[in-house]
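Numbers 2 to 312, taken from the UniProt record's numbering, label the letters of the sequence shown in order. Glycine included, C-beta positions come from ideal geometry on N, C-alpha and C. It should be emphasised that the depicted structure is a prediction, and the values quoted were computed from it without experimental measurement.
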Amino acid sequence: PQKIIIDTDPGQDDAVAILLALASPEELEVLGITAVAGNVPLELTAKNARIVCELADRPDIKVFAGCDRPLAHDLVTAEHVHGKTGLDGPDLPDPTMPLQEQHGVDFIIETLRAEPEGTVTLCPLGPLTNIATAFQRAPEIAARVKEIVLMGGAYFEVGNITPAAEFNIYVDPEAAELVFRSGVPITVLPLDATHKALVTPPRNEAFRALGTKVGVAVAEMTDFFERFDREKYGSDGAPLHDPCVTAYLLNRDLFSGRFINVEIETVSELTRGMTVADWWDVTDRAPNATFIRDIDADGFFTLLTERLGRL
Ligand code: BDR
Ligand code: CA
């Protein structure tokens with residue numbers, strides 16, 4: 002299996018991304034989960050990551066707490082989407098599995114040094130603070146990363162936290178800039194793709210109809226998460242952003258995009274955190290990321306539902 006580190010700020014959609022990975026041990030080996038401050042503060046994301054592992058009956062997964070604030074700005078959170086706990090919806094027990102003592106950033110550095118070069122994929126599902134901090138502290142590890150597959154950014158779909166920026170990149174644009182300039186092969190799952198992965202009522206019923214603890218919890222998470230998009234935008238259902246990262250690792254054929262240059266705006270007050278994507282190749286800046294624009298949404302939900310049924 003492909004070795005991965007999931008870097009995350011759960012978040013209901015992060016939770017589903019983690020569950021999909023844990024449901025796919027033949028393809029994905031989760032070396033560890035590093036929590037970062039994002040949707041809610043670090044204390045809660047580190048707790049939620051463990052709640053999700055226990056929901057999947059995997060208390061053996063190592064969960065680490067990483068950075069509690071972005072590199073250069075105050076933390077911006079998203080309780081308006083995810084609720085006070087970050088994982089509002091299902092009634093899940095507090096975790097009993099331990100939080101690892103090691104700092105998440107040290108775990109990332111140590112793992113990349115210990116594993117053979119080019120064998121570990123990083124999967125960031127939140128602000129890029131932990132990954133950027135690891136690259137800052139140990140610059141030589143970047144060359145050892147196989148690839149980064151991340152959820153973040155937007156171009157044609159522009160912003161969901163400001164008119165110009167997507168949440169994960171907006172929260173820590175300095176970290177994003179560092180990661181996008183790291184030279185590591187990057188695949189970006191931006192809003193352009195994830196806004197096509199909508200949990201419509203029949204798709205949510207399919208989760209519930211699994212009849213398992215996991216299926217029902219996922220249905221309750223997306224019920225909660227959904228109310229925001231439904232009430233605010235009258236959309237058909239909530240976009241399931243972060244599981245697109247896991248699904249991409251499982252079946253790249255479900256996705257399409259272009260290898261292009263992507264730069265991060267860090268200066269402008271108005272457009273801070275914007276992912277300036279040279280989709281039309283109008284600059285001579287070198288490509289640094291595969292920017293996904295399309296997803297086979299039916300194929301994605303079929304895969305997701307079938308895999309969740311295995312837990
Ligand atoms: C991203 O922001 C968070 O709220 C979600 O978990 C996802 O990672 C979408 O913009
Ligand atoms: Ca997230």
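Of the listed residues the options, nearest to residue i (C-alpha basis)
i, options, result
"leucine 312", "Leu23, Pro11, Pro164, Ile5", "Leu23"
"valine 217", "Cys245, Gly90, Thr247, Met98", "Gly90"
"histidine 104", "Ala207, Thr291, Pro240, Thr134", "Thr134"
"proline 140", "Glu111, Leu100, Gly258", "Glu111"
"alanine 73", "Thr306, Thr303, Thr267", "Thr267"
"aspartate 95", "Thr9, Leu56, Ile149, Cys68", "Leu56"
"methionine 275", "Glu175, Pro99, Pro26, Phe256", "Glu175"
"valine 121", "Gln101, Ala155, Leu129, Ile142", "Ile142"
"arginine 253", "Val150, Pro117, His196, Leu43", "Val150"
"aspartate 92", "Val215, Asp285, Val283", "Val215"
"methionine 98", "Thr247, Asp230, Val53, Asn205", "Val53"
"phenylalanine 226", "Gly127, Pro11, Tyr249", "Pro11"
"alanine 290", "Ala298, Val106, Pro191, Thr306", "Pro191"
"glutamine 13", "Phe136, His196, Pro186, Met222", "Met222"
"leucine 305", "Pro2, Asp15, Leu21", "Leu21"
"threonine 78", "Thr303, Glu44, Ala287, Glu118", "Glu44"
"isoleucine 187", "Val41, Leu123, Phe108, Thr303", "Leu123"
"asparagine 169", "Arg145, Arg59, Gly127, Ala194", "Gly127"
"methionine 152", "Arg138, Val64, Asp193", "Asp193"
"phenylalanine 136", "Leu113, Gly119, Asp285", "Leu113"
"valine 64", "Ile109, Glu27, Glu80, Asp297", "Ile109"
"arginine 294", "Lys197, Arg286, Ala220", "Lys197"
"valine 219", "Asp279, Asn205, Arg228", "Asn205"
"histidine 83", "Asn40, Glu232, Glu178", "Asn40"
"aspartate 297", "Ala278, Asp279, Leu199", "Leu199"
"proline 2", "Glu28, Asp8, Cys68", "Glu28"
"arginine 182", "Leu129, Asn161, Glu232", "Leu129"
"proline 42", "Thr9, Asp58, Ile62, Asp61", "Thr9"
Buried versus exposed, by CB contacts within 10 Å (16 or more), residue i
i, result
"glycine 184", "exposed"
"glutamate 30", "exposed"
"aspartate 173", "buried"
"alanine 33", "It is worth fixing the name first, because residue 33 is glycine in this sequence and not alanine. Looking at its Cβ environment, which holds 16 or more other Cβ atoms inside 10 Å, glycine 33 is buried."
"leucine 271", "exposed"
"valine 37", "buried"
"serine 257", "exposed"
"serine 269", "exposed"
"phenylalanine 157", "exposed"
"alanine 115", "exposed"
"valine 283", "exposed"
"glycine 87", "buried"
"lysine 147", "buried"
"tyrosine 249", "buried"
"tyrosine 234", "exposed"
"proline 71", "buried"
"lysine 48", "buried"
"proline 240", "buried"
"proline 164", "exposed"
"proline 117", "exposed"
Opening and closing residue of the alpha helix (DSSP H) in which residue i lies
i, result
"proline 203", "202-209"
"phenylalanine 157", "Taken as a continuous stretch (DSSP letters only), phenylalanine 157 belongs to no alpha helix (DSSP H), as it is neither H nor E."
"leucine 251", "244-251"
"valine 53", "43-56"
"alanine 194", "192-195"
"proline 174", "174-181"
"glutamine 13", "13-23"
"valine 82", "80-83"
"arginine 308", "298-309"
"arginine 138", "130-138"
"alanine 115", "105-115"
Residue i - containing beta strand (DSSP E), residue span
i, result
"glutamine 3", "3-9"
"glutamate 30", "29-36"
"cysteine 124", "121-125"
"threonine 284", "Looking at the DSSP string, threonine 284 is not in any beta strand (DSSP E), and its letter there is neither H nor E."
"glycine 258", "256-261"
"alanine 66", "64-66"
Nearest-angstrom Cβ-Cβ length linking residue i and residue j, presumed shorter than 8 Å
i, j, result
"serine 236", "aspartate 230", "5 Å"
"alanine 18", "valine 246", "6 Å"
"leucine 251", "serine 25", "6 Å"
Who sits around ligand 1, taking every residue whose Cβ is closer than 6 Å to one of its heavy atoms? Gly12, Asp14, Asp15, Asn40, Ala79, Val82, Leu126, Gly127, Met152, Asn161, Glu167, Phe168, Asn169, His242, Asp243
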